[in-house]
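In my numbering, the protein residues as written are 37 to 761. Beta carbons: idealized from backbone N, C-alpha and C, even for Gly.
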């Protein structure tokens, strides 16, 4: 599509050149003919003037020509040329012989190089017509211009970027922000190649641009700096007046939204609490509060004032110009005993209020400040503070001179003890009762010796307490959390007695407001919050523990069920169910008795194993008779079990020593029932008839193992009865 457009432009330019050639104009230069006189010569006028001159078109050459052949520019021609080739045409000047070549015979001029109008717009040359034989000028040398014709090959460029503009927030629609301008290197006098129009490529929701002037304006009236303080707007400039095929360039304009005072001050809290000791001097700062303002710059400047009458009397509020904080100070001495808590209403208001935004609401805010007065252990106060007393000089020792009274101003109202400062009564002329404050004479008075005595009486609280004060600030628990302070206690009696004790002072952890968090010497304040990684690790550990507990419980339950199944299996293995009764012990066809008989192989019994003579199992005894005698299940009180015991032990030893046999965990024998059994034999081998009327229901009372056996026999008996019936 681009190549087709380029071809179309070339065709239009060539057509334009052809039209210009048809409307060419002739440039004539009059010269005198050879051998003629001066122009004013009468002979010249009589014979007529020979008119000679150049004839050529106005020359144009299109820039950025990409053809393979030299580009035809035009033709120079003399009207004296008769076409016989006797005239030779030459050119000189800018580009002659390099950029521009001329045909000496025809006068045709061609451009051999690709020209760029943006680098050079025209070339000035001179034309000569010479006699080919004599090389003499036939025409005067004449100057002509080859103008480079423009095409749209340059896109608009914003040369003054990057652009940064500003506009006040809440400005009305259409407020001018700034102007951008793009330049096009094409010829502005030819066509529309340099005719630029502007448009918004990004940011059209908030801003517009004038298509001709490039002035950017607001498109909305609710620009809020507190929501978004800057916008990036992309402006595009397109030549050819924005028509199809025009070239374009773009730039980014940063528009900063400036602040206006549209936000009132607001206190983050509706109540603040501070504390101060009652002995704080006037001017002591109690604390600071600050109202927040979403605006910036001077729009955040504010002043503070106390609004209630009580607060105005007791406290003063000033504004810190650097931090815009309200500093609350003591304006009148405080007294814990008179009032423990003061409530102060503090108001913040903007210094500079924009009248355009008064309708948005009041530009001030209030908060309550509660000031707690802390009690201080104050010394007793004499009432009155001084006293004048009189006494007769002849008063006896111990006579009352007067009574002083001091009261403890604290709420506890501790009792007061009195004493005389002996530096003012070194001779101990007076004494005082420590409890009542009564001053009595301690010696005989003589007015002529001393008419006045000035003594100082001390009043002290009586629970015997001492106050400990810090001498520096900035204690650190990590550096030292415990201090051991030796205390020397001295009384005022004669002689003064003393003792020493150690006071342990522990450094406590406090929060930013001074509240005590912990006084443990080893437990420091640790942040209660956990990082997301630590919290995830903790949850994973808990999950693993839960899985392990469930796995252990599952294994235990599986193990118990396995043991129970083994017990059931053992019980079932010990019960043999016959589908038919068979023919008894003599029926070798129905049941192979060799497996049972192999257990009672007495071939290894020696003559001495029986432990007796021929009658007691000696060498002369027949083993075959033993073998047939054992399964008779006849209980004999004289049966000797030592034979079986020895046999079993020997078999166990053989099994232990033989590595080829499987490791049997148990050895069961069915040779005999044993002696002293409380129940008769349960074996069906000794059953003499199949029609026995024996009732086996009593086996159910022997336990779960026999209960199943009773059910088997009872069921079998029921089947036999049904068959007989």
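Please state whether DSSP places residue 490 in a helix, a strand or coil. When DSSP states are grouped into helix, strand and coil, residue 490 belongs to the coil group.
Please list, in chain order, all residues of the same chain as residue 283 whose beta carbon is under 6 Å from its beta carbon, the five residues on each side excluded. 191, 275
Does the region 488-498 touch the region 458-470, meaning 3 or more C-beta pairs lie closer than 8 Å? yes
Which first and last residues belong to the alpha helix (DSSP H) in which residue 686 is found? 678-693 is the extent of the alpha helix (DSSP H) around residue 686.
Inter-residue CB distance, residue 203 and residue 213 (contact presumed, cutoff 8 Å): Contact holds; Cβ gap of about 5 Å.
Note down, in chain order, each residue of its chain lying with its Cβ closer than 6 Å to the Cβ of residue 474, except the 5 sequence neighbours on either side. 436, 439
Extent of the continuous alpha helix (DSSP H) run through residue 347: 345-350 is the span of the alpha helix (DSSP H), which, as asked, contains residue 347.
Would you call residue 110 buried or exposed, if buried means 16 or more other Cβ atoms sit within 10 Å of its Cβ? buried
Have a look at the DSSP bridge pairing and note the partners of residue 405. 308, 380
Please name the residue or residues paired with residue 108 in a DSSP beta bridge. 146
Suppose the cutoff is 7 Å on Cβ atoms and the five residues either side in sequence are ignored; what does the same chain contact list for residue 334 look like? 388
Out of 140, 243, 288, which one is the CA nearest neighbour of residue 259? 243
Count the C-beta pairs between the region 476-487 and the region 501-511 that are closer than 8 Å, then say yes if the count reaches three, no if not. no
Taking DSSP as the reference, what is the three-state secondary structure of residue 414? coil
If you run the structure through DSSP and keep just helix, strand and coil, what is residue 276? If DSSP states are grouped into helix, strand and coil, residue 276 belongs with the helices.
Inter-residue spacing [alpha-carbon to alpha-carbon] between residue 270 and residue 288: 4 Å
Using 8 Å as the cut-off, classify the Cβ of residue 280 as near or not near the heavy atoms of the ligand MN, replying yes or no. In terms of ligand content, the structure shown is empty, and the ligand MN therefore cannot be addressed.
Distance check for residue 580 and residue 627, CA to CA, integer angstroms please. Low local confidence applies: a pLDDT of 47 at residue 627 is under 50, so the model's placement there is unreliable, with the coordinate-based value given in what follows. Spanning the two alpha carbons is a distance of roughly 58 Å.
Using the rule of at least 16 other Cβ atoms within 10 Å of the residue's Cβ for burial, across every protein chain shown, is residue 583 buried or exposed? Per the 10 Å Cβ criterion, exposed.
If we count the other Cβ atoms within 10 Å of its Cβ and call it buried at 16 or more, is residue 266 buried or exposed? exposed
Which of the three DSSP states, helix, strand or coil, is assigned to residue 335? If DSSP states are grouped into helix, strand and coil, residue 335 belongs with the helices.
Residue 769 - partner residues in DSSP beta bridges: The requested residue 769 is not part of the displayed model; the chain covers only 37 to 761.
So what does DSSP say about residue 163, is it helix, strand or coil? strand
Tell me which residues share the same chain as residue 235 and place their Cβ nearer than 6 Å to its Cβ, disregarding the 5 neighbours each side in the sequence. 272
Taking the C-alpha atoms as reference points, what is the distance between residue 298 and residue 386? Near 11 Å, if we compare the C-alpha coordinates of residue 386 and residue 298.
Proximal residues to residue 339 (C-beta, below 7 Å), its chain only, five neighbours per side dropped: 355, 385, 387
Euclidean distance between Cα positions of residue 343 and residue 548: 28 Å
On the three-pair Cβ rule with 8 Å, is the region 182-189 touching the region 148-156? yes
Helix, strand or coil at residue 569 according to DSSP, with G and I counted as helix: helix
Measuring straight from C-alpha to C-alpha, what distance separates residue 159 and residue 137? 13 Å
Residue interval of the beta strand (DSSP E) (run including residue 364): 361-366
Member of 134, 594, 126, 219 whose CA lies at the smallest distance from the CA of residue 175: Distance from the Cα of residue 175 is smallest, within the candidate group 134, 594, 126, 219, for 126.
Name the DSSP beta bridge partners of residue 186, please? DSSP output for residue 186 lists no bridge partner at all.
Specify the secondary structure class of residue 745 as computed by DSSP and reduced to three states. Residue 745 falls in the helix class under three-state DSSP.
From the DSSP output, in three-state form, read off residue 392 for me. If DSSP states are grouped into helix, strand and coil, residue 392 belongs with the helices.
Does residue 264 have its Cβ less than 9 Å from a Cβ in chain C? This model lacks chain C altogether; it includes just one protein chain.
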